[in-house]
Amino acid sequence: MSEFKIKFRGVRGSYPIADKDFLQYGGNTSCVEVNVNGHLIILDAGTGLINIGHELMGKYISSGANAAERTPIKATVLISHIHQDHLQGFTFFRPLHIPSSVINVFGNVNYNESLADEMSELLFGKSFPLDLGDIAGNLNIKDLNETEGIVLRHGEAPIIKRIETEDDAKVEGDDVLITCYRSYAHPQEGVLIYKISYRDKVLVYATDKESYHGGDKKLINFARGCNLLIHDAQYTTEDYMDAFSPKQGYGHSTFDMAVDAKNQSGAEKLVFFHFDPGYDDNKLNCIKEHYKQDDIFFAQEGMELSLI
3 MSEFKIKFRG VRGSYPIADK DFLQYGGNTS CVEVNVNGHL IILDAGTGLI NIGHELMGKY
63 ISSGANAAER TPIKATVLIS HIHQDHLQGF TFFRPLHIPS SVINVFGNVN YNESLADEMS
123 ELLFGKSFPL DLGDIAGNLN IKDLNETEGI VLRHGEAPII KRIETEDDAK VEGDDVLITC
183 YRSYAHPQEG VLIYKISYRD KVLVYATDKE SYHGGDKKLI NFARGCNLLI HDAQYTTEDY
243 MDAFSPKQGY GHSTFDMAVD AKNQSGAEKL VFFHFDPGYD DNKLNCIKEH YKQDDIFFAQ
303 EGMELSLI
């Protein structure tokens, strides 16, 4: 199944919005669905994850007359960081509550903590009717660091591979390779920037990061020559530099910063992502007038792109 399709499920930052003035771009928080060579990869678990779960449940139920005959749901979820807008949909992801589901979650927190413990404390127990241990599905939560990659191969569980050289980061055959690095340009513990590689196609997901003067050289090298760069674009330059309420140090980029990252890295296409919840459809459409290029897109819920 040679495919590399991206579907945007939640494109908003900070908190979800339910309002008639936010229907064009959507009000759900960060979540991007990637279907590549038969593998389902989900980037972040904001409220956009909920609708993915509903659709997967529909396919699961229609795949057989009873639980024994149905095709199990399998997904790899990549968490960029554990701020609320990137986790809000997780507990309402219905496949978690089906015993046959296999959900592998990867991410990273502080060096003296584990992702499983942090998610358990933040999402379950006192803040939800269930504890993490009550989840019926096969839920595997694992820590990932920038010296490791994930290999997805048909018929096997995700393989953790050590990445030490450029050769280690090369994709073999029909394998899908996921690599990452930690950017510290987001409070409080940084954020993982992910790269998904399949054959000769590359997607880079760089949300919740602030750029630097002259560009973020680490990101530029990581994203060098990628086919699609999904980049944080929470603010206009005017809001970022506002004299009375500047956004410097908030850990987010401007649209211009995202364009600069595209140009310096040589990315073929750029998608603006993680819009400020105060930017309604009218404001985003006004901003869009300044970025009329065939290789630049504004993320919208339901928007689909294909790299193959």
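Each step along the sequence shown adds one to the number in the numbering used here, with nothing skipped, and position 151 is 153. We put the CB at the ideal spot given by N, CA and C, even for glycine. Being a predicted model, the structure only gives us computed values, none of them experimental.
Asked: Integer-rounded CB distance, given that I100 should sit under 8 Å from G1; Found: The chain is shown from 3 up to 310; residue 1 falls before or after that span and cannot be answered.
Asked: Top-ranked residue by Cα proximity to R22, from A118, M243, D296, D282; Found: The residue you asked about is not Arg; residue 22 is Lys in the sequence shown. Checking every option, the nearest Cα to that of K22 belongs to D282.
Asked: CA nearest to the CA of Q236, picked from A118, Q266, N223, H188; Found: H188
Asked: First through last residue of the beta strand (DSSP E) which encompasses V36; Found: 33-38
Asked: L132: first and last residue of the uninterrupted beta strand (DSSP E) it sits in; Found: Premise fails: L132 is in no beta strand (DSSP E) and is neither H nor E.
Asked: Residues bridged to Y77 (per DSSP); Found: Looking at the sequence itself, residue 77 is Ala, so the reference to Tyr does not match. Note: A77 sits in a beta bridge opposite I105.
Asked: When V193, T73, F126 are compared against F311, the one with the closest alpha-carbon; Found: The requested residue 311 does not occur in the structure, where the chain is confined to residues 3 to 310.
Asked: For P160 and N142, the rounded distance between their alpha carbons; Found: 11 Å
Asked: Boundaries (first-last residue) of the beta strand (DSSP E) holding V273; Found: 271-275
Asked: Own chain partners of F95 with C-beta closer than 6 Å, once the 5 adjacent residues on each side are dropped; Found: L51, G55
Asked: Candidates L98, Q266, Q295, V111, of which the one nearest R184 by Cα; Found: V111
Asked: Start-to-end residues for the beta strand (DSSP E) that takes in N30; Found: Where N30 is concerned, there is no enclosing beta strand (DSSP E), given that its DSSP letter is neither H nor E.
Asked: is_contact[H56, chain C] using C-beta, thresh 8 Å; Found: Given the protein chain composition of this structure (a single chain), no chain C is represented.
Asked: CB of F6 within 8 Å of CB of V34, strictly; Found: no
Asked: Which of helix, strand or coil DSSP assigns to F6; Found: strand
Asked: Start and end residues, alpha helix (DSSP H) containing N284; Found: 283-290
Asked: Cβ contact check for the stretch 116-124 and the stretch 218-233: 3 or more pairs under 8 Å; Found: no
Asked: Nonlocal neighbours in the same chain, by C-beta distance under 6 Å from T73, ignoring five residues either side; Found: S65
Asked: Under 8 Å between C-beta atoms of P279 and Y113; Found: no
Asked: Alpha carbon of R164 to alpha carbon of F299, nearest angstrom; Found: 34 Å
Asked: For Q26 and Q387, the rounded distance between their alpha carbons; Found: Residue 387 lies beyond the range of the chain shown here (3 to 310); nothing can be said about it.
Asked: Cβ separation of A225 and A269, assumed to be a contact under 8 Å, to the nearest whole Å; Found: 6 Å
Asked: Burial state of D46 (16 or more Cβ within 10 Å); Found: buried
Asked: Burial state of K211 (16 or more Cβ within 10 Å); Found: buried
Asked: D176 (DSSP reduced to helix, strand or coil); Found: coil
Asked: Pick from I195, Y252, E168, S267 that is closest to I222, judged by C-alpha positions; Found: S267
Asked: Host beta strand (DSSP E) of I232 (start-end); Found: 230-234
Asked: Three-state secondary structure assigned by DSSP to I223; Found: In the sequence under discussion, the amino acid at residue 223 is Asn, which differs from the Ile named in the question. The answer is helix: DSSP assigns N223 an H, G or I state.
Asked: Boundaries of the alpha helix (DSSP H) in which V261 is found, first to last residue; Found: 257-267
Asked: Outcome for Q190 when other beta-carbon atoms lying within 10 angstroms are tallied against a minimum of 16; Found: exposed
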